[in-house]
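Asker: Starting off with a structure, shown below.
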Amino acid sequence: MQIPFVDLKAQYETLKDDVAEAIRGILDSAQFIGGEALASFERDFAAYCQTCHARGVANGTDALHLALRALGIGDGDEVITTAHTFIATAAAIAATGARPVFVDIEPDTCTIDPRMIERAVTDHTKAIVAVHLFGQPADMDPIKDIARRRSLHVIEDAAQAHGAEYQGVRTGALGDVACFSFYPGKNLGAYGDGGAVTTNNAAIAERIERLRDHGRTSHYSHAEVGFNSRLDALQAAILKIKLRHLDDWNANRRRAAEWYNAELAQSGIKTPLVRRGSTHVYHLYVIVTNERDAIRKRLDEAGVATGIHYPVPLHLQPAFVHLGYRQGDLPYCEAMAAQSLSLPMFPELARHQVHRIAAIVRAAAEQDGHERLRLGSTYPSAAQRIDAAKELR
Ligand SMILES: Cc1ncc(COP(=O)(O)O)c(C=O)c1O
Numbered sequence: 366m367q368i369p370f371v372d373l374k375a376q377y378e379t380l381k382d383d384v385a386e387a388i389r390g391i392l393d394s395a396q397f398i399g400g401e402a403l404a405s406f407e408r409d410f411a412a413y414c415q416t417c418h419a420r421g422v423a424n425g426t427d428a429l430h431l432a433l434r435a436l437g438i439g440d441g442d443e444v445i446t447t448a449h450t451f452i453a454t455a456a457a458i459a460a461t462g463a464r465p466v467f468v469d470i471e472p473d474t475c476t477i478d479p480r481m482i483e484r485a486v487t488d489h490t491k492a493i494v495a496v497h498l499f500g501q502p503a504d505m506d507p508i509k510d511i512a513r514r515r516s517l518h519v520i521e522d523a524a525q526a527h528g529a530e531y532q533g534v535r536t537g538a539l540g541d542v543a544c545f546s547f548y549p550g551k552n553l554g555a556y557g558d559g560g561a562v563t564t565n566n567a568a569i570a571e572r573i574e575r576l577r578d579h580g581r582t583s584h585y586s587h588a589e590v591g592f593n594s595r596l597d598a599l600q601a602a603i604l605k606i607k608l609r610h611l612d613d614w615n616a617n618r619r620r621a622a623e624w625y626n627a628e629l630a631q632s633g634i635k636t637p638l639v640r641r642g643s644t645h646v647y648h649l650y651v652i653v654t655n656e657r658d659a660i661r662k663r664l665d666e667a668g669v670a671t672g673i674h675y676p677v678p679l680h681l682q683p684a685f686v687h688l689g690y691r692q693g694d695l696p697y698c699e700a701m702a703a704q705s706l707s708l709p710m711f712p713e714l715a716r717h718q719v720h721r722i723a724a725i726v727r728a729a730a731e732q733d734g735h736e737r738l739r740l741g742s743t744y745p746s747a748a749q750r751i752d753a754a755k756e757l758r
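Taking this note's numbering, the leading residue of the sequence shown gets 366, the next gets one more, and so forth.
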């Protein structure tokens, strides 16, 4: 029995009729760009995120790029973020002409370490992009405190964290501006590409609206050079339907995470830690283990799909070689790249599937551990490597 990494078909089966009706409505109206379908989804999404404004854009990368531009960030500026994220976070910074400055993560939550931000601030620093990685909000209070003291903007990369909360506040409402992706596999996913920016600042919302549509102020009047980055009406109509189910889907993801946690509790494998006062929406369920490669192989042989998020930290990517980082600069990001494994996670994941996956993981970890002992391997445990990384600081 194969177990996929995500199962988009299972979810579609439950929505088929509603989606077909929404698509028919757009086709009948022939309003494919903008219009009421977009405005209506933007209103719903802003309300869901507890913000005053939401603006749809073409994808999550553009959401970040346009948000940075709307804040006036560009050539010569520095923007602090983490290296343990998808490349889009830093690519969007680079696209403005600014320099991405990478700092390390907290090993327990995999989100940016606020203490490292403080050390990285220079006279050129303009903003912090806090990534709510895997569905867990970054530690926003200390981040916002640094931003206030050093006059920096705070941008949320919420591409993986629709509906997560930090101290009772939803992602999207935690910084100056927040950026979402609706890539199909995301917690709220479109049937194609899509993204959104949320904010409580009317001027930022207005600027995003202009930037996503060729800098337009009226049909043939362009106040600035902008982009073509719109969320189309079909995707907006589909997202409006799916948004109604998001809380239930996130609850199912949390339930699956609890099953995994219980099954792996005595295995010596590190399971995700949720920060006190936060809710995690488990876009990904990521374990940390020395036996990562052996476990992955065993799961693959058993027909269970897995992922690695992310195998090469951004400071060591060829695309950013010109920034001058070296191996060892960000020990926790590097440790996670070597030891983390993403297990199947989607709202429809069943109890028996988690049970089967966890049994394979436990058996593989035990067998590989014994093998190392038998060979007298001195390879350090995950905990030892984390401690070693601490000492490097
Ligand atoms: C953390 C993060 N930021 C940004 C993005 C970019 O979103 P998109 O693929 O919609 O451009 C993604 C999507 O994978 C992501 O995971």
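In this text, a Cβ means the ideal position worked out from N, Cα and C, and glycines have one as well.
Terminal residues of the continuous beta strand (DSSP E) containing Gly672?
Answerer: For the purposes of this step, residue 672 is taken as the residue at position 307 of the sequence shown. Neither: Gly672 is in no beta strand (DSSP E) and is coded neither H nor E.
Asker: Under three-state DSSP, which class holds Gly560?
Answerer: Taking the first residue of the sequence shown as position 1, residue 560 is located at position 195. Looking at Gly560 - three-state DSSP - the assignment turns out to be strand.
Asker: Contact defined as beta carbons within less than 8 Å: I believe Thr644 pairs with Ala523. What is the distance between those atoms, to the nearest angstrom?
Answerer: Numbered from its first residue, the sequence shown carries residue 644 at position 279. Numbered from its first residue, the sequence shown carries residue 523 at position 158. Going by Cβ atoms, the distance from Thr644 to Ala523 rounds to 13 Å, so no, they are not a contact pair.
Asker: Where do the ends of the alpha helix (DSSP H) carrying Cys698 lie?
Answerer: Residue 698 sits at position 333 when you count from the first residue of the sequence shown. First-last of the alpha helix (DSSP H) with Cys698: Pro696 to Gln704.
Asker: Where DSSP assigns a beta bridge to Cys544, which residues make up the other side?
Answerer: Translated into the one-based positions of the sequence shown, residue 544 becomes position 179. DSSP lists Asp522 and Val562 as partners of Cys544.
Asker: Return the residue from the list Arg484, Phe499 and Ile603 that minimises the CA-CA distance to Ile508.
Answerer: To locate residue 508, count along the sequence shown from 1; it is residue 143. Nearest C-alpha to Ile508: Arg484.
Asker: Where do the N-terminal and C-terminal ends of the beta strand (DSSP E) with Val651 fall, by residue?
Answerer: Position 286 of the sequence shown, counting from 1, holds the residue named residue 651. Segment Tyr650 to Val653, the beta strand (DSSP E) holding Val651.
Asker: Of all the options Ile470, Gly439, Val639 and Glu731, which has the alpha carbon lying nearest to the alpha carbon of Ala457?
Answerer: Here residue 457 refers to the residue found at position 92 when the sequence shown is read from its first residue. Checking every option, the nearest Cα to that of Ala457 belongs to Gly439.
Asker: Given a cut-off of 8 Å on the beta-carbon distance, is the pair Ile477 and Ala503 in contact?
Answerer: In the sequence shown, counting from the first residue as 1, residue 477 sits at position 112. In the sequence shown, counting from the first residue as 1, residue 503 sits at position 138. Result yes, Cβ atoms of Ile477 and Ala503 sit closer than 8 Å.
Asker: Give me the residue from Leu679, Ala703, Gly390 and Tyr647 with the minimum Cα distance to Arg620.
Answerer: Taking the first residue of the sequence shown as position 1, residue 620 is located at position 255. Ranking the options by Cα distance to Arg620, first place goes to Tyr647.
Asker: Give the straight-line distance between the Cα atoms of Arg480 and Arg727, rounded to the nearest whole angstrom.
Answerer: Within the sequence shown, residue 480 is the residue found at index 115, counting from 1. Within the sequence shown, residue 727 is the residue found at index 362, counting from 1. For Arg480 and Arg727, the distance between alpha carbons rounds to 35 Å.
Asker: Leaving out the 5 sequence neighbours to the left and right, which residues in its chain are closer than 7 Å to Ala747 when beta-carbon positions are compared?
Answerer: As a position in the sequence shown, residue 747 is number 382, starting the count at 1. Residue confidence for Ala747 is low, a pLDDT of 49 falling below 50, so the modelled location carries little weight and cannot support an answer.
Asker: Tyr675 and Phe451 - do their beta-carbons sit closer together than 8 Å?
Answerer: Start at 1 with the first residue of the sequence shown, and residue 451 comes out as number 86. Start at 1 with the first residue of the sequence shown, and residue 675 comes out as number 310. Cβ atoms of Phe451 and Tyr675: closer than 8 Å.
Asker: Assuming Leu498 contacts His449 under a Cβ cut-off of 8 Å, what Cβ separation, rounded to an integer in Å, is found between them?
Answerer: Position 133 of the sequence shown, counted from the start, is the residue given in the question as residue 498. Position 84 of the sequence shown, counted from the start, is the residue given in the question as residue 449. Leu498 to His449, Cβ: 7 Å. Contact.
Asker: Identify whether Ala448 lies in helix, strand or coil by the three-state DSSP scheme.
Answerer: For the purposes of this step, residue 448 is taken as the residue at position 83 of the sequence shown. The answer is coil: DSSP assigns Ala448 none of H, G, I, E or B.
Asker: Measure how close the beta-carbons of Phe406 and Leu599 come, nearest whole angstrom, since I'm counting them as under 8 Å.
Answerer: Translated into the one-based positions of the sequence shown, residue 406 becomes position 41. Translated into the one-based positions of the sequence shown, residue 599 becomes position 234. That pair is no contact at about 11 Å.
Asker: Let me check one thing: in DSSP terms, what residues is Tyr531 bridge-paired to?
Answerer: Within the sequence shown, residue 531 is the residue found at index 166, counting from 1. Partner(s): Val534 and Ser643.
Asker: Should Leu574 go down as buried or exposed, given a rule of 16 or more other Cβ atoms within 10 Å for buried?
Answerer: Walking along the sequence shown from the start, residue 574 turns up at place 209. The sequence shown places Glu at residue 574, rather than the Leu named in the question. Buried.
Asker: Compare the C-alpha of Tyr556 against each of Gln367, Ile368 and Ala385 and name the closest.
Answerer: The sequence position of residue 556 within the sequence shown is 191, counting from 1. Considering only alpha carbons, the answer is Ala385.
Asker: Secondary structure at Leu757, three-state DSSP: helix, strand or coil?
Answerer: In the sequence shown, residue 757 corresponds to position 392, counting from 1. Confidence in Leu757 is poor, its pLDDT being 46 and thus under 50, which makes the residue's placement unreliable; the coordinate value appears in the next sentence. Coil at Leu757, not helix or strand.
Asker: Asp372 to Trp614, Cα distance in whole Å?
Answerer: Position 7 of the sequence shown, counted from the first residue, corresponds to residue 372. Position 249 of the sequence shown, counted from the first residue, corresponds to residue 614. Computed Cα separation, rounded: 13 Å.
Asker: Please identify the residue among Asp506, Arg535 and Phe592 whose C-alpha is closest to the C-alpha of Asn565.
Answerer: Counting from 1 along the sequence shown, the entry for residue 565 is found at position 200. The shortest Cα separation from Asn565 among Asp506, Arg535 and Phe592 belongs to Arg535.
Asker: What's the call for His687, buried or exposed, on a 16-neighbour Cβ count within 10 Å?
Answerer: By one-based count along the sequence shown, residue 687 stands at place 322. Counting Cβ neighbours within 10 Å, His687 comes out exposed, since fewer than 16 surround it.
Asker: Counting C-beta neighbours from all protein chains within 10 Å, is the total for Pro683 16 or more, i.e. buried, or is it exposed?
Answerer: Here residue 683 refers to the residue found at position 318 when the sequence shown is read from its first residue. It is exposed - the Cβ of Pro683 has fewer than 16 other Cβ atoms within 10 Å.
Asker: Apply the 10 Å Cβ neighbour rule to Met366 and answer buried if 16 or more other Cβ atoms are within range, or exposed otherwise.
Answerer: For the purposes of this step, residue 366 is identified with residue 1 of the sequence shown, where counting begins at 1. Flag for Met366 reads exposed.
Asker: Taking DSSP as the reference, what is the three-state secondary structure of Ala747?
Answerer: To locate residue 747, count along the sequence shown from 1; it is residue 382. Only weak support exists for where Ala747 lies, its pLDDT of 49 falling under 50; the coordinates are left without a value.
Asker: Is Ala524 near ligand 1, judged by its Cβ being under 7 Å from some heavy atom?
Answerer: Working through the sequence shown from its first residue, we reach residue 524 at position 159. Within the cutoff, so yes.
Asker: Looking at the unbroken beta strand (DSSP E) that takes in His418, where does it start and where does it end?
Answerer: Your numbering for residue 418 matches position 53 in the sequence shown. Note, His418: beta strand (DSSP E), His418 to Val422.
Asker: With a Cβ-Cβ cutoff of 8 Å, do Ala369 and Ala670 count as a contact?
Answerer: In the sequence shown, the residue the question calls residue 369 occupies position 4. In the sequence shown, the residue the question calls residue 670 occupies position 305. According to the sequence provided, residue 369 is Pro. The question's Ala does not apply to it. Cβ atoms of Pro369 and Ala670: closer than 8 Å.
Asker: What did DSSP end up calling Ser516 once you bin it into helix, strand or coil?
Answerer: Within the sequence shown, numbered from 1, the residue matching residue 516 stands at position 151. Of the three classes helix, strand and coil, the one that applies to Ser516 here is coil, per DSSP.
Asker: Strictly by DSSP, which residues pair up with Pro465?
Answerer: By one-based count along the sequence shown, residue 465 stands at place 100. DSSP, once it has assigned bridges, lists Val444 as partnering Pro465.
Asker: Here's the rule: buried if 16 or more other CB atoms are within 10 angstroms of the residue's CB, otherwise exposed. What is Asn593?
Answerer: Translated into the one-based positions of the sequence shown, residue 593 becomes position 228. By the neighbour-count rule (16 or more Cβ atoms within 10 Å), Asn593 is not buried but exposed.
Asker: Apply the 10 Å Cβ neighbour rule to Glu623 and answer buried if 16 or more other Cβ atoms are within range, or exposed otherwise.
Answerer: Taking the first residue of the sequence shown as position 1, residue 623 is located at position 258. Exposed.
Asker: Between which two residues does the alpha helix (DSSP H) harbouring Ile388 extend?
Answerer: Your numbering for residue 388 matches position 23 in the sequence shown. From DSSP, the alpha helix (DSSP H) with Ile388 extends over Leu373 to Ser394.
Asker: Run through DSSP, which three-state label would Ile470 get?
Answerer: The residue given as residue 470 occupies position 105 in the sequence shown. Correct three-state label for Ile470: strand.
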